[in-house]
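Numbering (our numbering), first residue to last: 217 to 534.
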Amino acid sequence: MSPRKVIVDVDVGTDDAWALLLLLKCESKFNFKVDAITCTHGNTDVHNATRNVLRILTAIGRTDVPVYKGAVEPLITPVPDRERHFHGVDGFGDMNYEEPDETLVQPGHAVNELARRLNADPGNISLIFVGPLTNLALCLKLYPEVREKIKDLYVMGGNRHGVGNVTKSAEFNFWADPEAAHIIFNNLTCPITLLPWETCVSEHRELEMTWRMDVVGRTVNKAVLMLNEVETKCYGHWQNWMPCDAFVVAVFIKPDIVVHSEHWHVDIELTGTLTRGQAVLDHKKRTKENTRIVDRIDTHYFKHMMMYAADHDVEHHL
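Written out as structure tokens, the structure reads:
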């Protein structure tokens, strides 16, 4: 059987880095291929996000994967002001790591490359988006024909019950570009799987930071050793570890890791004074369902996956 193809869009951030490590480690075992990595604004600016991708790929010897730089800012509003950067201003804890070889970045814009690849292989490429959805929204507006050519879409973002993390009611990825999220959930016809903020909060309670550092982190994997430093600086004092983006990647890799999910119609609030960027579910069930929301995954299996991503000998558990 031919391997599944996937393009992943990131705003690297440490949880994006773990998502990439998990994807690239699992390619052969789970029979899929990372076709390309596209970068966007979000946790940091798109230039830093791209550099961080290159740092990860260089550390694990996977600079064969094409990397494209994408959207610099949200569709309409300026880049939102932020009191703090969760992963540091540069997305990697402001550790001043050596600059990567930026000649590895492919020519051309991520949006154009998304369209080119989707048009060249219609219905066979999955998309995973773990940052603001700007690149995909731009792609749909510039190349509307691609909406029929996406196999399926996996998103980490939004919220299920109105629980926010950057505001009282909005999750960061949707808050960072609500119009982009609105375009996606109102235009795509392919299956959409959404892993929202509340699921991340629930799952992270079973991932102790001591396990992350003292078990997962004890490895010779150069990328993990780098992330050990970043995560110790940024949130080593936390009791639990929250690799949000890796959760949705695990769902793509191993669909039966999902313990509970439900189908809902999801839209995005654009104008609310207190709720801009909130994902809104149609609880009256008057609108056709457009999204599968993942409420729970098998955390025990997920822990084995993360150990595997860090090059520990746990393949027999997968």
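Every residue, glycine too, gets a C-beta built ideally from N, C-alpha and C.
Assuming residue i is part of the alpha helix (DSSP H), what are its boundary residues?
{"i": "Met-442", "result": "438-451"}
{"i": "Thr-266", "result": "262-275"}
{"i": "Thr-415", "result": "413-420"}
{"i": "Lys-241", "result": "230-242"}
{"i": "Ile-223", "result": "That residue, Ile-223, is in no alpha helix (DSSP H); its beta strand (DSSP E) goes 220-226."}
{"i": "Pro-394", "result": "394-403"}
Nearest-angstrom Cα distance between residue i and residue j?
{"i": "His-325", "j": "His-532", "result": "40 Å"}
{"i": "Gly-380", "j": "Val-281", "result": "34 Å"}
{"i": "Asp-514", "j": "His-420", "result": "12 Å"}
{"i": "Thr-487", "j": "Lys-245", "result": "45 Å"}
{"i": "Lys-285", "j": "Ala-353", "result": "15 Å"}
{"i": "Ile-473", "j": "Tyr-517", "result": "7 Å"}
{"i": "Cys-416", "j": "Asn-456", "result": "11 Å"}
{"i": "Val-519", "j": "Asp-430", "result": "Residue identity check: residue 519 is Lys in the sequence provided, not Val. Roughly 13 Å separates the two Cα atoms."}
{"i": "Gly-229", "j": "Asn-268", "result": "8 Å"}
{"i": "Lys-357", "j": "Gly-307", "result": "29 Å"}
{"i": "Lys-470", "j": "Glu-243", "result": "11 Å"}
{"i": "Val-295", "j": "Ala-336", "result": "33 Å"}
{"i": "Ala-437", "j": "Val-250", "result": "The sequence shown places Asn at residue 437, rather than the Ala named in the question. Distance between the alpha carbons of Asn-437 and Val-250: 20 Å."}
{"i": "Thr-435", "j": "Leu-270", "result": "20 Å"}
{"i": "Pro-412", "j": "Val-475", "result": "15 Å"}
{"i": "Ala-462", "j": "Arg-333", "result": "24 Å"}
{"i": "Glu-424", "j": "Pro-459", "result": "11 Å"}
{"i": "Asn-328", "j": "Ala-392", "result": "22 Å"}
{"i": "His-371", "j": "Thr-383", "result": "According to the sequence provided, residue 371 is Val. The question's His does not apply to it. If I take the Cα positions, the gap works out to 20 Å."}
{"i": "Tyr-524", "j": "Leu-239", "result": "11 Å"}
{"i": "Pro-323", "j": "Val-446", "result": "29 Å"}
{"i": "His-453", "j": "Leu-534", "result": "30 Å"}
{"i": "Leu-497", "j": "Glu-414", "result": "14 Å"}
{"i": "Thr-491", "j": "Ala-396", "result": "16 Å"}
{"i": "Gly-309", "j": "Ile-400", "result": "31 Å"}
{"i": "Asp-311", "j": "Glu-318", "result": "Residue 311 is actually Met in this sequence, not Asp. Roughly 18 Å between the two C-alpha positions."}
{"i": "Leu-225", "j": "Glu-422", "result": "Reading the sequence as shown, one finds Asp at residue 225 and not Leu. Their backbone Cα atoms lie some 27 Å apart in a straight line."}
{"i": "Lys-500", "j": "Glu-478", "result": "14 Å"}
{"i": "His-528", "j": "Arg-502", "result": "48 Å"}
{"i": "Arg-428", "j": "Val-530", "result": "15 Å"}
Since I believe residue j is in contact with residue i (beta carbons under 8 Å), could you give me their beta-carbon distance rounded to a whole number of angstroms?
{"i": "Asp-232", "j": "Pro-348", "result": "Rounded, the Cβ-Cβ distance is 12 Å, inconsistent with contact."}
{"i": "Met-521", "j": "Ala-439", "result": "Met-521 to Ala-439, Cβ: 16 Å. No contact."}
{"i": "His-351", "j": "Gly-373", "result": "Residue 351 is actually Asn in this sequence, not His. Rounded, the Cβ-Cβ distance is 13 Å, inconsistent with contact."}
{"i": "Leu-237", "j": "Ile-292", "result": "Contact flag wrong, Cβ pair sits at about 33 Å."}
{"i": "Ala-252", "j": "Ile-223", "result": "5 Å"}
{"i": "Met-217", "j": "Asn-259", "result": "No, Met-217 and Asn-259 are not in contact; Cβ-Cβ is about 35 Å, not under 8 Å."}
{"i": "Val-346", "j": "Val-464", "result": "6 Å"}
{"i": "Asn-375", "j": "Ala-526", "result": "Wrong, their Cβ atoms sit about 29 Å apart, outside the cutoff."}
Are residue i and residue j closer than 8 Å when you measure CB to CB?
{"i": "Ala-331", "j": "Tyr-359", "result": "yes"}
{"i": "Lys-449", "j": "His-481", "result": "no"}
{"i": "Asn-340", "j": "Lys-367", "result": "yes"}
{"i": "Glu-364", "j": "Thr-405", "result": "yes"}
{"i": "Ser-342", "j": "Lys-241", "result": "no"}
{"i": "Thr-254", "j": "Ile-408", "result": "no"}
{"i": "Ile-484", "j": "His-377", "result": "no"}
{"i": "Val-262", "j": "Leu-320", "result": "no"}
{"i": "Leu-410", "j": "Ile-509", "result": "yes"}
{"i": "Ala-287", "j": "His-257", "result": "yes"}
{"i": "Ser-418", "j": "Arg-278", "result": "no"}
{"i": "Pro-316", "j": "Thr-274", "result": "yes"}
{"i": "Leu-493", "j": "Pro-394", "result": "One point to set straight first is that residue 493 is Gly, not Leu, in the sequence displayed. Yes, the Cβ-Cβ distance between Gly-493 and Pro-394 is below 8 Å."}
Give the range of the beta strand (DSSP E) segment to which residue i is assigned.
{"i": "Phe-248", "result": "248-255"}
{"i": "Met-372", "result": "366-372"}
{"i": "Trp-480", "result": "474-480"}
{"i": "Lys-285", "result": "283-285"}
Can you confirm whether residue i, when its beta carbon is compared against all beta carbons of chain D, has any partner nearer than 8 Å?
{"i": "Thr-274", "result": "Structure shown: chain D not included; a single protein chain is present."}
_Every unbroken beta strand (DSSP E) inside the region 313-359 [3 residues or more]_ = 321-325, 341-345
_Start-end ranges of the beta strand (DSSP E) lying completely within the region 457-517, minimum 3 residues_ = 474-480, 482-484, 495-497, 507-513
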